[in-house]
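Asker: Residue numbers (this note's numbering): 1068 to 1587.
The beta-carbon is built from N, C-alpha and C at its ideal position, and this holds for glycine as well.
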């Protein structure tokens, strides 16, 4: 078979979130309810059906013209103008898709192989930032995006796929073994209604209504969960049955790895385990078509698969991740900055309980029970929602998602070695500031031991002090963080106030002063 040729100079992995609509606990009134993490971009959808995106916009995958077609980072969440109310969200390598309350699926971003379901800029890498409706002849209930292909659940559980089909990942023999695009949605025959779809780099998997699973596409590393053509590049256009041992409640896939969450809370993975992402204590680069159990120690409620890592949300709200941690995408300091696999799941220090998780190629995000979104890992394009260049294994809250639209992110002047960026929540109805202060050591990472010290927060308006608060950091505060909240005088409403934080010296903490400007 002729080798597959990509129009892209660098081929990265694809990531998909659940294609079934998920509702998560959190604050009322347009709280964030789901997250989609792409290769270098992130999107979030709130309960009002508004979608916000940030990170890379090289292909227009943020749904805006701003910096479209460039490699400039976009750390500030921007609103996607859909012209409809979103019901469900998914993010792929270079494209993003939603289903709307109109029953239509629409996508935006790269369309080199017809993965947007249209012929616009087909066979090119030109950006397509405008959301384009897809004609599928039936109501779309869910959509999921892969690297160069997309699939949707329509009608009463039928599946339609479009985009690249080199390995039969569209569930059809049309254009198998070629790089020809397939912009027209094609029906997939799976023998039963489908309730969830997940897509990897060159493969697709479907969870059927009875909890069984079928996968199709490339099976080079056993990512289809079946020995058929495992270890070869032969295409598999017909769905192969996966036998994880119990009915499946959720699937997740990315790159060359697939995982299944069983209705017992057990997580089983198959495919690539080169970075130890199975979390079963092993690491290998061979084909693994037989599902292997992740060592979590308790029942999981949700899973997310990234480029080379896997994360699980536990019933306690704790998040555990295994695999590659070079960029801190496991949310833990272990082996960050190295290529050493983390074959045992590591606990993420989120500082609270999570209710939803999503994984990108080299970053991970969690929706917290208080409505905040925290991300960690690589930030080369602003995919963590922060403007710094580099990576962070410490979860950072994405600013702007819980702020009023006209409030800019705080401008930070950080002296050497002390204070990480505070995350502000300001309120229009009453002048109030809520923030969490994170202290860091001289290397820019968390101190090696728990902090102790005191931080004085002073707020001034037009040069006059209007509020002051001192908080103590106890040695037991292993996350070296302090929560601060206070109400400001009514005269501060809609004004820019200066917030000065003075940190006294203490165990593992260095004395310093940092000033922020924020509009309340």
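Give me the residue from 1450, 1323 and 1328 with the minimum Cα distance to residue 1310.
Answerer: Translated into positions along the chain shown, residue 1310 becomes position 243. In this structure, 1328 is the residue among 1450, 1323 and 1328 with its C-alpha nearest to the C-alpha of residue 1310.
Asker: Among residues of its own chain, excluding the 5 on either side of residue 1294, which ones have a beta-carbon nearer than 7 Å to its beta-carbon?
Answerer: Taking the first residue of the chain shown as 1, we reach residue 1294 at position 227. Cβ neighbours of residue 1294 beyond the five flanking positions: 1356.
Asker: Ignore the nearest five residues each way along the sequence and tell me which others in residue 1365's own chain have a CB closer than 8 Å to its CB.
Answerer: Position 298 of the chain shown, counting from 1, holds the residue named residue 1365. Around residue 1365: 1332, 1381, 1382 and 1383.
Asker: Considering residue 1177, what are the terminal residues of the beta strand (DSSP E) in which it resides?
Answerer: Position 110 of the chain shown holds residue 1177. Taken as a continuous stretch (DSSP letters only), residue 1177 belongs to no beta strand (DSSP E), as it is neither H nor E.
Asker: From this set, 1155, 1334, 1428 and 1162, which residue's C-alpha is nearest residue 1373's C-alpha?
Answerer: For this step, residue 1373 is matched to residue 306 along the chain shown. Selected option, being the one with the closest Cα: 1428.
Asker: From residue 1251 to residue 1134, what does the alpha carbon distance come to, in whole angstroms?
Answerer: As a first step, residue 1251 is located in the chain shown; it is residue number 184 there, counting from the start. As a first step, residue 1134 is located in the chain shown; it is residue number 67 there, counting from the start. Residue 1251 and residue 1134: Cα-Cα distance of roughly 29 Å.
Asker: Let's see if you can read the secondary structure: which residues bound the beta strand (DSSP E) around residue 1403?
Answerer: Stepping through the chain shown from its first residue, residue 1403 is reached at position 336. Neither: residue 1403 is in no beta strand (DSSP E) and is coded neither H nor E.
Asker: DSSP three-state label for residue 1559, please.
Answerer: Reading the chain shown from its first residue, position 492 is the one you call residue 1559. Correct three-state label for residue 1559: helix.
Asker: Assuming residue 1258 contacts residue 1283 under a Cβ cut-off of 8 Å, what Cβ separation, rounded to an integer in Å, is found between them?
Answerer: The sequence position of residue 1258 within the chain shown is 191, counting from 1. The sequence position of residue 1283 within the chain shown is 216, counting from 1. Between residue 1283 and residue 1258 the Cβ distance is about 12 Å, and since that is not below 8 Å, they are no contact.
Asker: For residue 1254, tell me which candidate among 1304, 1132, 1330 and 1414 has the shortest Cα-Cα distance.
Answerer: Taking the first residue of the chain shown as 1, we reach residue 1254 at position 187. Answer by Cα proximity: 1304.
Asker: Assuming contact is defined by CB atoms lying nearer than 8 Å, are residue 1375 and residue 1322 in contact in what I supplied?
Answerer: As a working mapping, residue 1375 is identified with position 308 in the chain shown. As a working mapping, residue 1322 is identified with position 255 in the chain shown. Cβ atoms of residue 1375 and residue 1322: closer than 8 Å.
Asker: Suppose only complete runs of 3+ residues qualify. What are the beta strand (DSSP E) ranges in the segment 1141 to 1173, listed by chain order?
Answerer: Those beta strand (DSSP E) runs which fall completely within the segment 1141 to 1173 and span 3+ residues are 1153 to 1158 and 1162 to 1167.
Asker: Identify the continuous beta strand (DSSP E) that holds residue 1337 and give its terminal residues.
Answerer: The residue labelled residue 1337 in the question sits at position 270 within the chain shown. Run containing residue 1337: 1334 to 1338, per the beta strand (DSSP E) assignment.
Asker: Rounded to the nearest angstrom, how far is the Cβ of residue 1326 from that of residue 1370, given a contact under 8 Å?
Answerer: Stepping through the chain shown from its first residue, residue 1326 is reached at position 259. Stepping through the chain shown from its first residue, residue 1370 is reached at position 303. Indeed they touch by this definition, with Cβ atoms about 5 Å apart.
Asker: To the nearest angstrom, report how far apart residue 1567 and residue 1158 are at their CA atoms.
Answerer: The residue you call residue 1567 lines up with position 500 of the chain shown. The residue you call residue 1158 lines up with position 91 of the chain shown. Each residue's Cα considered, the two are about 38 Å apart.
Asker: So, for residue 1401: in the same chain, excluding its five sequence neighbours on each side, which residues have a beta-carbon less than 8 Å away from its beta-carbon?
Answerer: Here residue 1401 refers to the residue found at position 334 of the chain shown. These residues qualify, in order along the chain: 1392, 1409 and 1413.
Asker: Going by alpha carbons, who is nearest to residue 1341 out of 1335, 1350 and 1153?
Answerer: The sequence position of residue 1341 within the chain shown is 274, counting from 1. Residue 1341 has its Cα closest to that of 1350, out of 1335, 1350 and 1153.
Asker: Check whether the Cβ atoms of residue 1368 and residue 1389 lie closer than 8 Å to each other.
Answerer: Counting from 1 along the chain shown, the entry for residue 1368 is found at position 301. Counting from 1 along the chain shown, the entry for residue 1389 is found at position 322. No, they are not a contact pair.
Asker: Determine the burial state of residue 1441: buried for a count of at least 16 other Cβ atoms within 10 Å of its Cβ, exposed for fewer.
Answerer: Sequence index remark: in the chain shown, residue 1441 carries index 374 (1-based). The residue is buried, with at least 16 neighbouring Cβ atoms inside 10 Å.
Asker: Quick one: Cα of residue 1387 to Cα of residue 1336, how far?
Answerer: Here the question's residue 1387 lines up with position 320 in the chain shown. Here the question's residue 1336 lines up with position 269 in the chain shown. If I take the Cα positions, the gap works out to 15 Å.
Asker: In this structure, how does DSSP classify residue 1535 when only helix, strand and coil are distinguished?
Answerer: Translated into the one-based positions of the chain shown, residue 1535 becomes position 468. Here residue 1535 sits in strand by DSSP.
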